[in-house]
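Here is the structure we will look at.
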Amino acid sequence: NVAKTYQIATIPGDGIGVEITNAAAKVLQTLASNAKHFDFDFSNFDWSSKTYLERGYYIPPGGLDELKAFDAIFFGAVGWPDVPDHISLWGLMLPLRNALCQYVNVRPTRILPGTSSPLSACKSGDLDWVIIRENSEGEYAGHGGETHTHFGNAVATDTSIYTQAGIERVMHFAFETARSRPRKKLTMVTKSNAQRHGMVLWDRIFHQVRKSYMDVDADTMLVDAMTVRMVLKPKSLDTIVATNLHGDILSDLAAALSGSIGTAPSSNLDPTRNNPSMFEPIHGSAPDIAGKGIANPIGAFWSAAELVSWIGEKDASAKLMKAIENITSQGVKTADLGGTDSTVKVTDALCAEIKRLY
Ligand code: NAI
Ligand code: MG
Numbered sequence: 002n003v004a005k006t007y008q009i010a011t012i013p014g015d016g017i018g019v020e021i022t023n024a025a026a027k028v029l030q031t032l033a034s035n036a037k038h039f040d041f042d043f044s045n046f047d048w049s050s051k052t053y054l055e056r057g058y059y060i061p062p063g064g065l066d067e068l069k070a071f072d073a074i075f076f077g078a079v080g081w082p083d084v085p086d087h088i089s090l091w092g093l094m095l096p097l098r099n100a101l102c103q104y105v106n107v108r109p110t111r112i113l114p115g116t117s118s119p120l121s122a123c124k125s126g127d128l129d130w131v132i133i134r135e136n137s138e139g140e141y142a143g144h145g146g147e148t149h150t151h152f153g154n155a156v157a158t159d160t161s162i163y164t165q166a167g168i169e170r171v172m173h174f175a176f177e178t179a180r181s182r183p184r185k186k187l188t189m190v191t192k193s194n195a196q197r198h199g200m201v202l203w204d205r206i207f208h209q210v211r212k213s214y215m216d217v218d219a220d221t222m223l224v225d226a227m228t229v230r231m232v233l234k235p236k237s238l239d240t241i242v243a244t245n246l247h248g249d250i251l252s253d254l255a256a257a258l259s260g261s262i263g264t265a266p267s268s269n270l271d272p273t274r275n276n277p278s279m280f281e282p283i284h285g286s287a288p289d290i291a292g293k294g295i296a297n298p299i300g301a302f303w304s305a306a307e308l309v310s311w312i313g314e315k316d317a318s319a320k321l322m323k324a325i326e327n328i329t330s331q332g333v334k335t336a337d338l339g340g341t342d343s344t345v346k347v348t349d350a351l352c353a354e355i356k357r358l359y
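Here's what the structure looks like:
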């Protein structure tokens with residue numbers, strides 16, 4: 002007798018997005034059937050570059066409203082060589098984040114046991130970060146345009162948008178995250194020497210919000226120097242907050258430093274809980290390996306663990322995370338981590354480990 006059924010929307014998208022979403026759904030189902038006190042009801046949304054080429058849109062009319070009824074969304078990846086990337090990103094991914102008010106993007110990074118960092122001195126435990134990326138404004142606000150194209154001298158702008166309310170809400174979330182972690186340490190990243198308006202506002206609001214979190218050890222970095230610190234002094238960092246663009250780039254670097262982009266998870270959160278949040282690995286659709294059955298599903302599984310935690314099933318989430326760490330430490334790994342296992346093999350090993358832990 003099941004206490005609660007969570008309604009989960011799955012949007013697999015393109016390429017390996019489909020492969021890892023199928024794997025994640027299987028794992029979530031296995032988790033629920035072992036935990037017993039909850040269940041998942043999945044609804045699949047086939048919104049992809051293939052359907053875009055057939056119909057002319059990614060999200061059908063009313064699609065965004067339909068998603069609001071769900072408890073959470075699991076997203077694979079969008080993007081395919083037949084469609085320009087700015088069309089696919091603005092056709093599917095960004096409208097979802099915007100319409101569902103998912104204003105923070107949380108990207109934890111750790112070196113999983115049994116995997117290794119390209120930094121030779123960096124062992125499992127030396128790199129344990131959470132990057133909080135602002136997810137609604139900044140460089141990805143969509144402000145800008147192109148004119149004068151027909152004069153043979155095209156002019157194009159992308160205006161970065163920063164609002165006091167937008168910065169304050171992500172800053173509070175970042176300080177709360179830092180406070181909830183053992184080291185209580187936050188680093189804020191900007192480029193306020195060269196970008197003298199929006200980034201200076203970020204700095205100013207950081208110093209204001211900080212007054213409410215004096216128990217958090219907080220510092221600031223310029224983004225260029227931050228890349229150096231991430232590589233040379235990874236242990237000196239814990240929680241990191243940055244703009245949409247900086248957070249995007251730094252989290253890919255973080256993923257690579259932790260071993261592979263294939264293991265890195267992300268959560269697009271509406272912290273007010275007025276809208277469902279969305280969970281996805283940070284990688285894209287990887288056309289180079291799509292259809293080969295070798296995509297690393299760990300980033301998708303870790304994202305699924307974040308989903309399970311966000312809806313309130315903390316114990317089940319911890320079990321799933323433990324199972325993931327157990328199989329990586331046993332050496333069950335895809336090629337990107339130096340192993341030889343297929344997506345299906347890793348998925349089956351994880352399902353078996355979940356059963357064993359219950
Ligand atoms: P990508 O993340 O798809 O691939 C980069 C490299 O990492 C490739 O060599 C790929 O094989 C490898 N890789 C990625 N995920 C992997 C996994 N799970 N297991 C093993 N290897 C993995 O990034 P790329 O190539 O820049 O973009 C491909 C497409 O994906 C583009 O259309 C892009 O716009 C889109 N994209 C979509 C994202 C999203 O939906 N959130 C995020 C990033 C890119
Ligand atoms: Mg990215």
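Numbering (full-length UniProt numbering), first residue to last: 2 to 359.
A virtual CB, placed ideally from N, CA and C, is assigned to each residue, including glycine.
None of the values given here were measured: they were computed from a predicted structure.
**Item:** Between the CA atoms of S278 and N99 - distance to the nearest angstrom
**Value:** Approximately 11 Å between the Cα atoms of the pair.
**Request:** Using three-state DSSP, classify T22 as helix, strand or coil.
**Result:** T22 falls in the helix class under three-state DSSP.
**Prompt:** Can you tell me whether K69 is buried or exposed, with buried defined as 16 or more other CB within 10 angstroms of its CB?
**Reply:** Burial call: exposed.
**Asked** Leaving out five residues before and five after K186 in sequence, what residues of the same chain have Cβ atoms less than 8 Å from its Cβ?
**Response** For K186, where only same-chain residues beyond five positions count, the Cβ hits under 8 Å are A179, V217, D218, A219, L238, D239, T240.
**Message:** Please report the distance separating the alpha-carbon of A287 from that of W48.
**Reply:** Cα to Cα, A287 sits roughly 17 Å from W48.
**Asked** Around the Cβ of residue 1, are there at least 16 other Cβ atoms within 10 angstroms (buried) or fewer (exposed)?
**Response** Lying before the first or after the last residue shown, residue 1 is absent from the chain, which here runs from 2 to 359.
**With 16 other Cβ atoms within 10 Å as the buried cut-off, status of E354** = Result: buried.
**Prompt:** Quick one: Cα of T31 to Cα of G64, how far?
**Reply:** Distance between the alpha carbons of T31 and G64 is about 28 Å.
**Asked** Taking 7 Å as the cut-off, does the CB of H297 come closer than this to any heavy atom belonging to ligand 1?
**Response** It is Asn, not His, that sits at residue 297 in the sequence shown. Yes, ligand 1 has a heavy atom inside 7 Å of this Cβ.
**Item:** Stretch pair the region 253 to 270 + the region 281 to 300: three plus CB contacts closer than 8 Å
**Value:** Using a C-beta cut-off of 8 Å, the region 253 to 270 makes contact with the region 281 to 300, since at least three inter-stretch Cβ pairs fall below that distance.
**Prompt:** Going straight from the alpha carbon of T188 to that of A78, what length do you get?
**Reply:** Taking the straight line joining both Cα atoms gives about 29 Å.
**Request:** With distances taken Cα to Cα, identify the nearest neighbour of A155 among T11, S161, I162, G146.
**Result:** For A155, the closest of T11, S161, I162, G146 by C-alpha to C-alpha distance is G146.
**Request:** Could you check what DSSP says for R334 in three-state terms: helix, strand or coil?
**Result:** One point to set straight first is that residue 334 is Lys, not Arg, in the sequence displayed. K334 falls in the coil class under three-state DSSP.
**Spatial distance of F46 from P61 (CA atoms)** = F46 and P61 have their alpha carbons spaced roughly 10 Å apart.
**Reduced DSSP category for N35 - H, G, I as helix; E, B as strand; rest coil** = When secondary structure is reduced to three states using DSSP, N35 falls in the helix class.
**Asked** Where do the ends of the alpha helix (DSSP H) carrying I250 lie?
**Response** Here the alpha helix (DSSP H) through I250 covers 245 to 259.
**Asked** Excluding sequence positions up to five away, which residues of its chain have a Cβ less than 7 Å from the Cβ of M222?
**Response** Take M222, set aside five residues on each side of it, and the residues of its chain with a beta-carbon closer than 7 Å to its own are T188, V190, R230, in chain order.
**Request:** Could you check the C-alpha separation between E177 and I312 for me, to the nearest Å?
**Result:** E177 and I312: Cα-Cα distance of roughly 18 Å.
**Request:** Note the first and the last residue of the continuous alpha helix (DSSP H) segment covering Y53.
**Result:** Taken as a continuous stretch (DSSP letters only), the alpha helix (DSSP H) holding Y53 covers 50 to 56.
**Request:** Tell me E147's beta-bridge partners as DSSP assigns them.
**Result:** Per DSSP, A157.
**Request:** Report yes if the C-beta distance between D127 and G80 is below 8 Å; otherwise report no.
**Result:** No, Cβ-Cβ distance for D127 and G80 is not below 8 Å.
**Prompt:** Do the region 133 to 147 and the region 110 to 124 make contact, defined as three or more Cβ pairs closer than 8 Å?
**Reply:** No: the two stretches stay apart, fewer than three of their Cβ pairs being nearer than 8 Å.
**Prompt:** Quick one: complete beta strand (DSSP E) runs, 3+ long, within the region 52 to 139?
**Reply:** Runs of the beta strand (DSSP E) inside the region 52 to 139: 73 to 78, 105 to 111, 129 to 135.
**Three-pair Cβ contact test at 8 Å for the region 243 to 262 versus the region 27 to 44** = With the cut-off at 8 Å, the region 243 to 262 and the region 27 to 44 do not touch.
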